[in-house]
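Visitor: Starting off with a structure, shown below.
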Amino acid sequence: MKRTHFLAGAAALVASAALPSLAAAQVQVGAIEILTGPAAAYGIAIKAGLDLALAEVNAKGVLGGQKIVLTVEDSAGNKDQAINAARKLIGRDKAVIIIGPTLSNEMFAVGPVTNERKVPTVGTSTTAAGITEMGPYIFRTSLPESDVVPVTFKKAQARGVKTIALMYANDDAFSKSGFDVMKAAAEKLGLKILTIETFGSKDTDFAAQLTKIKALKPDAIGISALVEPVSGVVLQARQLGIGKETLLLGGNGANSPKLGDIAGAAADGMLVGSPWFIAKPDAVNTKFVADFKAKYGKDPDQFAAQAYDTMKIVAQAIDRAGAADSEKITAALGKTDFSGVMGPFKFTAGRDPASSEGVVVLEMRGGKFAIAQ
Amino acid sequence: MLAQQLINGVLLGSTYALFALGFTLMFGVLKVVNLTYGFYFSAGAFFALHLTKQWGWPIAAALPAAAAASGVLAVVLDWLLLTRLRRINAPELSSLMVTLGAVLALYAGMTTWLGPDIRRLPAGVLGGEALVLGELRITQAQILILLATAVLVGGLLALMRLTPIGLALRAMAEKPDAAGLMGIDTAKLAALVSLVCGALAGAGGVLIGLNFNAIQPYMGEAMMLRGFVVIIIGGLGDVRGALIAGLLLGVVETLTAGYIDSGLKEAVAFIMLVAVLWTRPSGLFGRAHIQRA
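Protein chains in written order, with the numbering used here: chain A, 1 to 373; chain B, 374 to 666.
Shown next as structure tokens:
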């Protein structure tokens, strides 16, 4: 017994002498995502994107061969749980940077905490207005809806839309902020807003609102909500006899293959703007899609794509910072110059994505997205 | 537009009533606020999903099978969770807490197992085309819900009022101990009530899933709050009250959203609840409990 201990100890000594940095050769990165509960689909997609990029990053390592250890905490879509997760990641895991949380709602709760602790926090899916204004440590890689939605609305106007009805989920920051953007875009383009209707993000019945909208005969209906309620609205709109002559316009939430899975052909003709599209033909993107399919057996969505790029942006920032130090990483993040599956990427001085040139307007056809003509 | 809104309201209301039927019965006879009820609703929808999607059953066979399976599930869970509490005559709060804990665990387990995605029954199980009468539109799923609600309410009322089992159930609802002394096998009856209520919840899950195309593990939880409002407004344990309160709630919600402000749709249910509790604490159709020495 004693002998083996001694031998094991000696072996460890030799090993550590040979590889002096082995014990410290890890960089702690935290992530807060929704892994359980009704909105878990987003967090699970994001985690898949992060893990895929992490495997590539760790093949080479950062800071001269150190491995990144990613700890993903579950927020369950709950603000309090998200704050606890942030405290745990910073206090227990000594994370030098945090990715997430999933929803804008949660980011508004977590941002002040991490900003105060001076730990850089990078949202991959938080598109509401005002996120990065919380402080100098709050970044996001997701294009805010204010960059995406106007492109969609312009396309609708080009197709002859003059009047519009707007609908949104009024119990969720993401949907509300998407609605604000839609309203601003419609006003800027001179579209006449006939009515504004709200619903709850867990509602399944929208018949009352849609019946009212149908009677007003708008050229288009803009819907700002997560994909599940959007699909429900679309299905019910068709049931109530709102036909293809009314153009349906979706925000960022509608930009998920699940729209086709749930609503099927009912969603045909719907226009949705997207910062990313699975069929974008460039080499980086096709490799990402193929690798993702090989690893998880299904197609990636926008959330996985944004997460994939973000993990790489974070890894490069750590590398350029020269040390696993939150302050240096924050400075390095600001100087990001990256090209990934979403296209070329830089941060503005306000820590938002700098360019919206990658936005594509998609149209649902036969339950699937295609690039709109 | 008013006619379509009234139809919308009646349809929404019948989904509330359909959901609340078993819930109110469970409450009325077993005197247990059984929060696992919402889970049988989700389970029923998933059973039907599996039967129609994987095994290709027609909905006419899948619906009763899913209802039966949910009923059996309810009997098993009731036996596991509440038998002991009944034996030691635990206070009502204990059963509330036990079923709350259990239902959260069940939802989480189901989400882990099946995933959080929203699914729908295969599009072909029921004709998707709506029936068009002038300006009015009503889908086959909605007609099925209306029929099912009518048949189930009628059946339950007949069971309660016209059969010996109904008499025993009413006796048990009144005074379980006395019913036991009169030779009624209360344990067996409790299992029967669980079976019927679970089956009602399961059938409701299938039909409502069919109508709203939104089957996911937490769907029962979303209905639970409305279910509470309906059974409290209708009077605890009152089948007829659940029907009327459900329809009333659906119509009022729809008219509020259609003519006042859709933002108030959610609030209106709870305003009604408070108003009813102020004026008639035992519900619109409930009779006040009189305790005699």
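Where a beta carbon is used, it is the ideal one built from N, C-alpha and C, also for glycine. Here the structure is a predicted model, which means the values were calculated and not measured.
What is the DSSP secondary structure of F347 of chain A, reduced to helix, strand or coil?
Guide: In the structure shown, F347 of chain A sits in a strand (DSSP, three-state: E or B).
Visitor: Hey, quick one: how far does the beta strand (DSSP E) through F139 of chain A stretch, first residue to last?
Guide: Looking at the DSSP string, the run of the beta strand (DSSP E) that includes F139 of chain A is 138-140.
Visitor: With three or more C-beta pairs closer than 8 Å as the rule, is the stretch 77-87 of chain A touching the stretch 106-113 of chain A?
Guide: The stretch 106-113 of chain A is in contact with the stretch 77-87 of chain A.
Visitor: Is there a Cβ of chain B sitting closer than 8 Å to that of G232 of chain A, yes or no?
Guide: Closer than 8 Å: yes.
Visitor: Residues of chain B with a CB under 7 Å from the CB of L189 of chain A: which are they?
Guide: Per Cβ cutoff of 7 Å: no residues; L189 of chain A is ~24 Å from chain B at best.
Visitor: Is the distance from the Cβ of L542 of chain B to the Cβ of M533 of chain B below 8 Å?
Guide: Taking 8 Å as the Cβ cut-off, L542 of chain B and M533 of chain B qualify as a contacting pair.
Visitor: What residues in its chain sit with their C-beta under 8 Å from that of L362 of chain A, if we drop five residues either side in the sequence?
Guide: Excluding sequence neighbours, L362 of chain A sits near N255, L271, V272, G273, S274, F277, F369, A370, I371, A372.
Visitor: Please report whether the beta-carbon of N462 of chain B lies at a distance below 8 Å from any beta-carbon of chain A.
Guide: Answer no: the Cβ-Cβ gap between N462 of chain B and chain A never drops below 8 Å.
Visitor: What are the complete alpha helix (DSSP H) segments, minimum 4 residues, inside the stretch 228-279 of chain A?
Guide: Listed in chain order, the complete alpha helix (DSSP H) runs (minimum 4 residues) inside the stretch 228-279 of chain A are 258-263.
Visitor: Express the C-alpha separation of A186 of chain A and E155 of chain A in angstroms, rounding to a whole number.
Guide: Reading the sequence as shown, one finds Lys at residue 155 of chain A and not Glu. Those two C-alpha atoms are separated by around 12 Å.
Visitor: Mapping DSSP to helix, strand and coil, what is T559 of chain B?
Guide: It is helical.
Visitor: Is there at least one Cβ from chain A nearer than 8 Å to A496 of chain B's Cβ?
Guide: By this cut-off, A496 of chain B is an interface position.
Visitor: Determine the extent of the alpha helix (DSSP H) in which T71 of chain A is found, giving its start and end residues.
Guide: First-last for T71 of chain A: 67-74, but that is the beta strand (DSSP E), not the alpha helix (DSSP H).
Visitor: How about G607 of chain B and L657 of chain B: do their beta carbons lie closer than 8 Å?
Guide: Result yes, Cβ atoms of G607 of chain B and L657 of chain B sit closer than 8 Å.
Visitor: Within 8 Å of any Cβ in chain B, is that where the Cβ of D205 of chain A sits?
Guide: Yes, contact with chain B.
Visitor: From what residue to what residue does the alpha helix (DSSP H) around I90 of chain A run?
Guide: 79-91 is the span of the alpha helix (DSSP H), which, as asked, contains I90 of chain A.
Visitor: Who are the near neighbours of A128 of chain A in its chain, counting only those whose CB is closer than 7 Å to its CB and skipping five residues on each side?
Guide: Taken in chain order, the residues that qualify are S104, A173, F174, S177.
Visitor: What are the residues that DSSP puts in a beta bridge with G366 of chain A?
Guide: DSSP output for G366 of chain A lists no bridge partner at all.
Visitor: Compute the Euclidean distance between the alpha carbons of L504 of chain B and A40 of chain A, then round it to the nearest angstrom.
Guide: The alpha-carbon atoms of L504 of chain B and A40 of chain A are separated by roughly 36 Å.
Visitor: In the DSSP assignment, find the unbroken beta strand (DSSP E) run with G474 of chain B in it and report its ends.
Guide: From DSSP, G474 of chain B is part of no beta strand (DSSP E) but of the alpha helix (DSSP H) over 465-487.
Visitor: Just to confirm the assignment, what range does the alpha helix (DSSP H) spanning A304 of chain A have?
Guide: Taken as a continuous stretch (DSSP letters only), the alpha helix (DSSP H) holding A304 of chain A covers 302-321.
Visitor: Counting only C-beta atoms, is T512 of chain B closer than 8 Å to chain A at any point?
Guide: Taking Cβ atoms only, chain A reaches closer than 8 Å to T512 of chain B, which makes this a yes.
Visitor: Where E56 of chain A and A354 of chain A are concerned, what is the direct C-alpha to C-alpha distance, given to the nearest angstrom?
Guide: Each residue's Cα considered, the two are about 25 Å apart.
Visitor: Counting contacts by CB-CB distance shorter than 8 Å, is A587 of chain B in contact with chain A?
Guide: Taking Cβ atoms only, chain A reaches closer than 8 Å to A587 of chain B, which makes this a yes.
Visitor: Tell me which residues share the same chain as S21 of chain A and place their Cβ nearer than 6 Å to its Cβ, disregarding the 5 neighbours each side in the sequence.
Guide: Confidence in S21 of chain A is poor, its pLDDT being 46 and thus under 50, which makes the residue's placement too unreliable to answer from.
Visitor: Can you tell me which of A:D171, A:K188, A:D147 puts its alpha carbon nearest to the alpha carbon of K162 of chain A?
Guide: Selected option, being the one with the closest Cα: A:K188.
Visitor: Which residue's Cα is closest to the Cα of G232 of chain A: A:K212, A:P257, A:A266, A:T211?
Guide: Out of A:K212, A:P257, A:A266, A:T211, A:A266 has the C-alpha closest to the C-alpha of G232 of chain A.
Visitor: Considering only the beta carbon of each residue, do Q589 of chain B and R492 of chain B sit closer than 8 Å?
Guide: The answer is yes: Cβ separation under 8 Å.
Visitor: According to a CB-to-CB cut-off of less than 7 Å, which residues of the stretch 236-249 of chain A neighbour chain B?
Guide: So the list reads Q239, L240, G241, given in the order they occur along the chain.
Visitor: How many Å lie between T121 of chain A and F585 of chain B at the Cα?
Guide: Taking the straight line from one Cα to the other gives about 38 Å.
Visitor: Taking its Cβ as the centre, do 16 or more other Cβ atoms sit within 10 Å of K2 of chain A, making it buried, or is it exposed?
Guide: Because the pLDDT at K2 of chain A is just 48, under 50, the model does not fix this residue reliably, and the point stays unresolved.
Visitor: Less than 7 Å between C-beta atoms, sequence neighbours within five positions excluded: which residues of the same chain meet that for I44 of chain A?
Guide: Same-chain partners within the cutoff: L35.
Visitor: Taking only beta carbons into account, state which residues of the stretch 475-494 of chain B come closer than 7 Å to chain A, listed in chain order.
Guide: Residues passing the 7 Å Cβ filter: A481, T484, P489, D490, I491, R493.
Visitor: Work out the CA separation of P300 of chain A and G527 of chain B for me, nearest whole Å.
Guide: C-alpha separation (whole angstroms): 50 Å.
Visitor: Please work out which residues of its chain come closer than 6 Å, Cβ to Cβ, to A317 of chain A, disregarding the five sequence neighbours upstream and downstream, and give them in chain order.
Guide: Here the set comprises I329, A332, L333.
Visitor: Within a Cβ cutoff of 7 Å, which residues of the same chain sit near L362 of chain B, ignoring the five residues on either side of it in sequence?
Guide: Absent from the model: residue 362 of chain B. The displayed extent of chain B is 374 to 666, so no value can be given.
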